[in-house]
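Residue numbers (the working numbering): 384 to 518.
Structure first, commentary second.
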Ligand SMILES: Cc1cc2nc3c(=O)[nH]c(=O)nc-3n(C[C@H](O)[C@H](O)[C@H](O)COP(=O)(O)OP(=O)(O)OC[C@H]3O[C@@H](n4cnc5c(N)ncnc54)[C@H](O)[C@@H]3O)c2cc1C
């Protein structure tokens with residue numbers, strides 16, 4: 384995203400290809416969610432530890448609804464990213480999977496293989512994440 388912003392700020396014509404929610408694993412199903420959930424456990428642990436050092440704290444209730452809401456506020460940032468990008472001058476957003484189809488040429492398809500368009504580019508930044516490989 385920061386490479387894209389830089390390119391757009393320089394006045395370059397850019398394309399962004401993303402089949403899923405904007406923000407990738409970290410924002411939508413990784414770091415943010417796990418940290419929000421883990422933080423509550425840390426607070427409970429701290430309270431338990433406090434008892435051992437003479438500070439008695441009683442946990443009355445865990446408000447899962449509020450915890451869920453806090454998490455979704457963060458996840459929904461992807462909508463703000465999407466709407467922000469839709470207003471950027473010089474940017475074409477393709478909502479599909481990109482694959483190289485020629486020299487400096489990319490074709491975008493949806494999950495059913497339907498062609499969503501082809502474009503050419505001088506430079507490509509590949510940031511499709513990774514999967515662990517078990518040899
Ligand atoms: C539960 C969990 C907790 C984590 N906690 C932490 C943490 O605390 N700290 C930390 O540093 N890391 C953490 N990570 C790891 C972190 O989320 C990833 O390292 C990071 O998101 C990788 O970023 P990325 O941009 O390389 O890939 P991703 O975030 O996976 O983004 C890749 C994007 O490429 C898109 N894409 C894939 N194929 C194509 C294609 N053909 N065409 C177009 N788009 C495509 C995907 O839809 C996706 O949006 C955690 C991960 C998980 C699962």
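Don't be surprised by glycine CBs; every beta carbon is placed ideally from N, CA and C.
From a predicted model like this one, the values you see are computed outputs, not experimental measurements.
Quick one: grab the DSSP three-state call for residue 474.
strand
Report yes if the C-beta distance between residue 467 and residue 487 is below 8 Å; otherwise report no.
no
Enumerate in chain order the residues of its own chain whose CB-to-CB distance from residue 453 is below 8 Å, with the five nearest sequence positions on each side excluded.
419
If we count the other Cβ atoms within 10 Å of its Cβ and call it buried at 16 or more, is residue 400 buried or exposed?
buried
Any alpha helix (DSSP H) of 4 or more consecutive residues that is wholly inside the segment 395 to 470
407 to 412, 414 to 435, 447 to 458, 460 to 469
Just how far apart, CA to CA, sit residue 440 and residue 405?
40 Å
Output the distance between the C-alpha atoms of residue 385 and residue 434, rounded to the nearest integer angstrom.
46 Å
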